[in-house]
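Step one of this worksheet: look at the structure below.
Numbering (this note's numbering), first residue to last: 23 to 161.
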């Protein structure tokens with residue numbers, strides 16, 4: 023039944039195990055400060071109800087359930103770009119599940135720089151990728 027196929031979301035067709043699905047709702051005034059510094063090259067994400075002093079530094083997104091911990095080899099999609107998870111700090115799954123919060127580090131590498139970091143490889147994140155309404159998905 024071809025017609026049915028067009029109605030089934032892509033993720034289901036490809037049989038992806040979707041661990042997390044959220045949408046970007048806004049950026050704090052300093053959310054891009056770290057991304058633009060090549061030595062840092064990270065962003066901080068937080069649920070949309072983050073305390074104001076943290077919201078200032080964060081990419082804010084809708085609350086969603088983290089169905090399964092992030093793991094090395096997972097794909098994280100931000101806007102239309104896909105990144106591979108190369109390391110997961112020991113604290114990151116907890117803060118992500120509780121607060122929608124972690125540091126997404128685009129420098130990659132097999133060791134997380136800090137306990138709350140998730141290291142990502144394979145693409146360059148730009149300000150354009152962080153448009154309101156864009157997705158943050160883990161699968």
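From the three backbone atoms N, C-alpha and C, an ideal C-beta is built for every residue, glycine too.
If you're wondering where the values come from, they're calculated on a predicted model, not measured in any experiment.
Nearest-angstrom beta carbon gap, residue 65 and residue 158 [assumed within contact, 8 angstroms]
Going by Cβ atoms, the distance from residue 158 to residue 65 rounds to 10 angstroms, so no, they are not a contact pair.
Can you check DSSP and say which residues form a bridge with residue 21?
Residue 21 is absent from the structure shown; the chain starts at 23 and stops at 161.
Taking DSSP as the reference, what is the three-state secondary structure of residue 120?
helix
Does residue 140 pass the burial test, meaning 16 or more other C-beta atoms within 10 Å, or should it be called exposed?
With 16 or more Cβ atoms within 10 Å of its Cβ, residue 140 is classed as buried.
Assigned secondary structure, residue 59 (DSSP; H/G/I helix, E/B strand, else coil):
Secondary structure of residue 59 (DSSP, three-state): coil.
Residue 79 versus 91, 88, 113, 49, residue with shortest Cα-Cα distance:
49
Report the partner residues of residue 109 according to the DSSP bridge assignment.
141
Which residue from 59, 53, 76, 91 puts its Cα closest to that of residue 116?
Per the Cα distances, 91.
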